[in-house]
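Start counting at 1 in the sequence shown, then tack on 22, and there's your number in the numbering used here. Every residue gets a Cβ at the ideal spot worked out from N, C-alpha and C, and that includes glycine. What you are looking at is a predicted structure, and each value in this text was computed from that prediction instead of being measured.
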Amino acid sequence: MIRSLASLLLFSVGSAHAYGEARMSGFESPHRPNQFIVHYKSGMIQNRTFLRSLGVAEIKSFDSSNALLLTANGQRSASVLEFLRHDPAVESIQANHIYKIMTTPNDPRYGLQYVHKKIGSAEAWDVTTGSKDVVVAIIDSGVNYNHPDIAPNYWTNVGEIGKDGNGDDKSSNGMDDDGNGYIDDFRGWDFVQNDNDPMDDNGHGTHCAGAIAAKGDNDIGVTGVSWNVSIVGLKFIDGKTGEGDTAGAVAAIEYATKMGFPITSNSWGGPAEGGDDGEPDILKNAIQANADKGYLFVAAAGNDGKDNDNRTILPAGYEVESILTVGATTLLDRLAFFSNYGEKTVDLGAPGSLIYSTVLGSGYSFMSGTSMAAPIVAGAAGLLKSQHPDWTGEQIKAQLIKTVDPIPSMKTKLLSGGRLNIGRALTE
């Protein structure tokens with residue numbers, strides 16, 4: 023049982039020394055002003071009414087951590103933080119860190135969709151083109167679910183469609199019909215605006231969606247790696263800024279876990295504030311809870327052209343076994359100049375340079391980045407999950423790493439030493 027505390031503390035130098043100060047992290051890096059992720063000690067959490075009396079305007083809890091996201095009134099932010107630092111119920115305080123999408127723009131100069139020849143898609147499709155029962159969640163800037171190449175494979179929450187007991191449409195009746203804590207979430211959720219419309223207003227998430235599961239064999243556009251799996255947009259990136267924050271990412275991951283989506287595609291991230299150092303971390307906790315369900319978390323390695331073995335990029339760099347970290351390769355099977363690498367920390371490469379896929383409206387465009395490589399691997403994972411429904415995320419990860427095409431120049435750059443080959447993964 024969690025105790026609710028209304029701590030009536032009269033602080034002095036002596037009392038601060040007696041209780042100690044809560045550890046703080048992430049406040050030197052870009053973060054949301056006036057917001058604090060407060061980790062409470064086991065069995066304890068602060069009384070919400072009391073927090074509001076201090077000047078806390080908004081309070082949000084999380085499924086995977088004994089923590090609260092607190093948004094303070096601007097003028098009282100400093101005093102709220104001072105109280106939290108000395109509250110004996112508080113273990114640590116984490117900034118609401120800002121993450122960015124991982125795209126590198128490029129001119130379209132090469133042929134369309136060289137990806138499939140490189141990764142053995144045709145051989146894979148002889149085995150399976152994917153199952154509708156496998157859902158890949160795209161945690162990003164949303165998805166253009168009306169795009170003609172995406173709409174046929176876009177997921178629908180069956181618990182929020184049809185008629186309710188009053189004869190009203192469940193998708194718009196203002197009720198949480200499936201009891202998951204979200205009202206009318208028949209096509210995913212927008213964690214930026216906190217509503218049920220995860221429409222993309224950036225293009226990044228839609229490009230990722232097409233790489234994973236653009237409908238194949240439909241006489242239009244392009245073909246995704248796993249062109250019969252289901253996809254859903256979980257929007258936490260603000261399309262106008264290209265940024266999202268820790269709290270939004272955690273909420274999206276927790277939604278994916280709650281809804282049983284076995285694969286998430288994550289083309290976003292940023293430098294760690296001091297690294298994955300064992301401090302309480304709400305984002306890591308959410309990914310670990312997802313892993314504990316047997317799910318796979320595919321993450322982009324980042325676009326700085328640097329060695330991730332020597333620094334930590336999150337979320338890719340967390341020590342969670344279900345994370346599959348992806349670098350970007352080129353048409354010529356070289357590591358892309360922008361791609362991060364790491365013999366210990368980046369698992370495998372996949373095409374991520376000049377990738378042609380779906381965008382806003384009903385069009386198509388080229389994009390480059392580890393942002394594009396990660397969804398290609400997520401699509402490959404979708405094919406494996408379709409072939410082996412009982413496989414866990416860790417089993418899928420191991421098979422994809424084991425069956426790469428070895429590339430000599432990647433031997434000391436990537437853990438697997440090679441580039442994705444989904445044809446081999448499905449047949450060996």
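Between residue i and residue j, what straight-line distance do the alpha-carbon atoms span, to the nearest angstrom?
i: lysine 233; j: serine 153; result: The sequence shown places alanine at residue 233, rather than the lysine named in the question. Roughly 16 Å between the two C-alpha positions.
i: asparagine 312; j: aspartate 412; result: 16 Å
i: isoleucine 518; j: isoleucine 345; result: Nothing can be reported for residue 518: it is not among the residues displayed for the chain, which extend from 23 to 450.
i: glutamate 104; j: asparagine 118; result: 17 Å
i: alanine 231; j: isoleucine 172; result: 7 Å
i: isoleucine 141; j: glycine 292; result: 28 Å
i: lysine 192; j: tyrosine 277; result: 19 Å
i: histidine 138; j: glycine 401; result: 11 Å
i: serine 387; j: asparagine 332; result: 34 Å
i: glycine 404; j: leucine 354; result: 25 Å
i: valine 78; j: valine 112; result: 16 Å
i: isoleucine 444; j: alanine 146; result: 6 Å
i: phenylalanine 283; j: glycine 96; result: 38 Å
i: serine 242; j: isoleucine 123; result: According to the sequence provided, residue 242 is isoleucine. The question's serine does not apply to it. Rounded to whole angstroms, isoleucine 242 to isoleucine 123 spans 28 Å at the Cα level.
i: glycine 133; j: glycine 374; result: Its pLDDT being 39, under 50, glycine 133 is placed unreliably in this model, and the value from its coordinates should be taken loosely. Rounded to whole angstroms, glycine 133 to glycine 374 spans 14 Å at the Cα level.
i: threonine 151; j: glutamate 416; result: 21 Å
i: tryptophan 177; j: isoleucine 253; result: 6 Å
i: arginine 54; j: glycine 327; result: 27 Å
i: phenylalanine 84; j: lysine 280; result: 12 Å
i: threonine 93; j: proline 52; result: 16 Å
i: proline 127; j: tyrosine 167; result: Because proline 127 sits at a pLDDT of 38, beneath the cut-off of 50, its placement in the model cannot be relied upon, and the following sentence gives the value as read from the coordinates. Rounded to whole angstroms, proline 127 to tyrosine 167 spans 23 Å at the Cα level.
i: glycine 181; j: aspartate 267; result: 29 Å
i: alanine 358; j: glutamate 265; result: 24 Å
i: glycine 184; j: valine 214; result: 27 Å
If you drop the 5 nearest sequence neighbours on each side, which residues of the same chain put their C-beta closer than 6 Å to that of residue i?
i: leucine 91; result: Ile59, Lys82, Ala269
i: glycine 439; result: Pro428, Met432, Lys433
i: methionine 221; result: Gly164
i: valine 320; result: Ser287, Leu346, Ala396, Val399, Ala400
i: asparagine 88; result: Tyr62
i: asparagine 224; result: Ser163, Gly261
i: alanine 159; result: Val254, Leu256, Ala278, Phe283, Thr286
i: valine 156; result: Val251, Gly404, Lys407, Ser408
Could you check what DSSP says for residue i in three-state terms: helix, strand or coil?
i: leucine 442; result: coil
i: glutamine 57; result: strand
i: lysine 82; result: strand
i: glutamine 417; result: helix
i: glutamate 50; result: coil
i: valine 399; result: helix
i: phenylalanine 72; result: helix
i: proline 430; result: helix
i: glutamate 450; result: coil
i: aspartate 314; result: helix
i: alanine 89; result: strand
i: threonine 380; result: strand
i: serine 1; result: With the chain covering 23 to 450 only, the question about residue 1 has no answer from this structure.
i: glycine 210; result: strand
i: isoleucine 423; result: helix
i: proline 170; result: coil
i: lysine 11; result: This structure gives no information on residue 11, because the portion of the chain shown stretches from 23 to 450.
i: alanine 294; result: coil
i: serine 37; result: Unreliable placement is indicated for serine 37, whose pLDDT of 28 sits below 50; the coordinate value is still reported in the next sentence. If DSSP states are grouped into helix, strand and coil, serine 37 belongs with the helices.
i: isoleucine 67; result: strand
i: serine 387; result: strand
i: isoleucine 309; result: helix
i: leucine 437; result: coil
i: isoleucine 161; result: strand
By Cβ distance, which residues of its chain are closer than 7 Å to residue i, with the 5 residues on each side in sequence left out?
i: valine 368; result: Ala323, Asn330, Thr347, Gly349, Asn362, Leu436, Leu437
i: histidine 39; result: Below a pLDDT of 50, predicted positions are generally treated as unreliable, and histidine 39, at 29, falls in that range; no measurement from the model is reported.
i: arginine 70; result: Ile81
i: arginine 356; result: Ser431
i: glycine 339; result: Ala294, Asp298, Asn330, Thr367
i: lysine 315; result: Thr279
i: arginine 25; result: Per-residue confidence for arginine 25 stands at a pLDDT of 37, beneath the threshold of 50, marking its modelled position as unreliable; the derived number appears in the next sentence. The residues are Gly65, Met66.
Once the 5 residues before and after residue i are set aside, which same chain residues still bring their CB inside 8 Å of it?
i: isoleucine 161; result: Leu256, Phe258, Ala271, Ala274, Ile275, Ala278, Thr286, Ser287, Asn288, Trp290
i: valine 244; result: Leu134, Gln135, Asp171, Gly232, Ala236, Tyr378, Ser379, Thr380, Tyr386
i: glycine 212; result: The residue you asked about is not glycine; residue 212 is aspartate in the sequence shown. Gly164, Asn218, Asp219, Pro220, Met221, Lys257.
i: glycine 342; result: A small correction: the amino acid at residue 342 is valine; glycine does not occupy that position in the sequence shown. Excluding sequence neighbours, valine 342 sits near Lys306, Ile309, Gln310, Ala313, Phe319.
i: glutamate 365; result: Asp331, Thr434, Lys435, Leu436, Leu437
i: arginine 74; result: Ile81
For a cutoff of 8 Å on Cβ pairs, would you count residue i as touching chain B?
i: isoleucine 59; result: In the structure shown, chain B does not exist; there is a single protein chain.
Practice task
Give, in chain order, every unbroken run of the beta strand (DSSP E) that is at least 3 residues long and sits entirely within the region 322 to 377.
Solution key: 345 to 351, 370 to 373
Problem - the region 253 to 264 in contact with the region 187 to 197 per 3-pair CB rule at 8 Å - result: no
Problem - Runs of beta strand (DSSP E) wholly within the region 102 to 158 (minimum 3 residues, chain order) - result: 112 to 123
Practice task
Decide if the region 204 to 221 is in contact with the region 341 to 350; the criterion is three or more beta carbon pairs, one per stretch, under 8 Å apart.
Solution key: no
Handout entry: contact_flag[the region 377 to 393, the region 441 to 450] where n(CB pairs < 8 Å) is 3 or more
Key = no
Practice task
Determine contact between the region 388 to 397 and the region 419 to 428, defined as no fewer than three beta-carbon pairs at a distance below 8 Å.
Solution key: no
Problem - Completely contained alpha helix (DSSP H) runs for the region 234 to 291, where each covers 4 or more residues - result: 268 to 281
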